[in-house]
Amino acid sequence: MAVTSRDVARVAGVSQPTVSRALRDDPRLSQQTKERVREAAGLLGYVPSDAGRALSSGRTRRIGLLVTDLNNEFYHHIIAPVHHELENHGYQLVLHTESADDGDVVDRLLANGIDGVVLATTTVDSVAPLRLRDRGLPFVYLNRTGTQVDADATVVSPARGFADAARRAVELGHTRIGAVLGPSNTSTGQSRELALRAAMADHGLALETRFVRRGPYETGVGDAAVTELLALPEPPTLIFCGNDVVAYGALNAAARAGARVPEDVSVVGFDDLPPASWPILQLSTIAYDLEAMAREAARLAVRRIDEPASPLTHSTFDTAFVERRTLGAAPAH
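In this note's numbering, the protein residues as written are 587 to 919.
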């Protein structure tokens with residue numbers, strides 16, 4: 587026969603509701619009472635069920651993380667930090683994927699019985715934040731933000747990283763500079779393009795339309811775009827990529843075209859994902875603390891659930907240029 591909270595209450599000499607409060611670490615109970623209940627639970631081998639906690643508290647202590655594509659390496663590096671931070675706060679991570687940002691995703695999130703959600707896929711024109719707000723489900727923006735609803739957010743400021751990268755590019759003699767930019771309907775695509783253009787303008791350079799391509803943050807996009815750019819009569823000597831995943835595709839395209847990196851073309855990414863520093867890649871990139879940003883998003887989600895009236899927080903993470911093998915001097919010809 588399964589051990590119940592009534593059994594724990596009897597052994598601990600407290601009421602059944604006190605058992606539930608003690609195991610939730612309710613601050614209204616004395617530490618002595620909590621310890622007595624925990625000792626009784628341990629003695630009996632009692633493990634409170636998630637369903638029982640949800641019924642008694644109205645919460646599931648589960649938070650969703652919404653991403654677009656599990657094949658995209660960027661998301662691989664935010665899942666673990668979010669999971670660990672939520673676990674530290676007594677919450678479980680529930681992973682959701684969505685290929686297109688539409689209203690159905692909100693219904694699925696709500697049906698899954700979560701207390702809140704971390705949005706890592708938002709477009710600037712997304713309706714999901716509106717529907718989450720209207721349905722009363724707390725949420726936090728991670729990396730990307732929407733324009734229709736203000737909310738807690740963790741974002742990157744790309745200005746310093748691009749300023750340092752542009753300065754170094756000019757020192758190395760680059761004037762024909764191209765870019766494979768992110769989607770124009772994302773806050774990251776917009777902010778990184780603006781920062782890159784501003785950094786180049788500081789040195790009297792412009793990002794010419796013929797050297798610009800745009801697309802989702804995918805390896806295939808970088809591959810296809812750089813294949814086109816390298817086929818131009820006068821290709822760019824340096825290509826900035828919307829993120830490291832796009833840069834991986836750029837490097838593939840260069841290898842296929844027989845273009846040496848960095849002797850014929852230089853490539854710079856964004857994010858500084860762990861593989862960027864691998865000896866086989868040594869990708870020059872614009873870095874920030876991705877793990878800290880993911881953990882902060884998880885903390886903000888927990889706070890929004892526990893303290894719904896707390897003021898909104900926008901946490902911004904600065905960037906720095908990391909120079910590695912894929913950036914070199916502009917070719918003489």
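Note that beta-carbon positions come from the ideal geometry of N, C-alpha and C, so glycine has one too.
- For the 8 Å CB-CB criterion, ASP750 and ALA906 form a contact.
- Under the three-state reduction of DSSP, HIS900 is assigned to strand.
- Non-local beta-carbon contacts of LEU630 in its own chain, meaning distances under 8 Å to residues more than five positions away in sequence, involve VAL589, ASP593, VAL594 and VAL597 in chain order.
- The three-state reading of DSSP puts THR871 in strand, counting E and B together.
- Judged by their CB atoms, ILE649 and ASP701 are nearer to each other than the 8 Å cut-off.
- With a 10 Å radius around the Cβ and a threshold of 16 neighbouring Cβ atoms, HIS760 comes out buried.
- Counting along the chain, the unbroken alpha helix (DSSP H) around VAL832 starts and ends at 830-843.
- Annotation for THR823: HIS760, ARG762, VAL851, SER852, ALA916 and PRO917 place their beta carbon closer than 7 Å to its own, counting only its chain and skipping 5 residues before and after.
- The residue from ILE866, ALA811, GLY808 and ASP830 with its alpha-carbon nearest to that of LEU876 is ASP830.
- Here the region 765-784 lies against the region 795-808, with 3 or more beta-carbon pairs under 8 Å apart.
- Setting aside the 5 residues that flank it on each side, ARG885 is surrounded in the same chain by GLU671 and HIS675, each with a C-beta closer than 8 Å to its C-beta; the list follows chain order.
- About 42 Å separates the Cβ atoms of SER601 and THR740, ruling out a contact at the 8 Å cut-off.
- Residues PRO724 of the same chain have their beta carbon placed closer than 8 Å to that of PRO894, with the five preceding and five following residues left out of the count.
- In the DSSP annotation of this structure, the continuous segment of the beta strand (DSSP E) that includes GLN678 starts and ends at 678-683.
- In terms of Cβ geometry, LEU681 and ALA706 do not form a close pair [threshold 8 Å].
- Around the beta carbon of LEU867, 16 or more other beta carbons lie within 10 angstroms, which makes this residue buried.
- Comparing alpha carbon positions, the residue from MET786, LEU791, GLU625 and ALA843 closest to VAL812 is ALA843.
- DSSP places ALA787 inside the alpha helix (DSSP H), whose first and last residues are 773-787.
- Per DSSP, GLY732 is not a residue of any beta strand (DSSP E), being assigned neither H nor E.
- Counting only residues of its own chain and dropping the five nearest sequence neighbours on each side, PRO848 has a CB closer than 8 Å to the CB of ARG911, THR912, LEU913, GLY914 and ALA915.
- Inter-residue distance for ASP809 and GLU659 is about 16 Å (C-alpha atoms, whole angstroms).
- For ALA739, the pairing in a beta bridge is given by DSSP as TYR727 and HIS900.
- Within its own chain, the residues whose Cβ lies closer than 6 Å to the Cβ of ARG778, once the five positions on either side in sequence are excluded, are PRO744, listed in chain order.
- Within the region 788-819, complete alpha helix (DSSP H) segments of at least 4 residues are found at 805-816, given in chain order.
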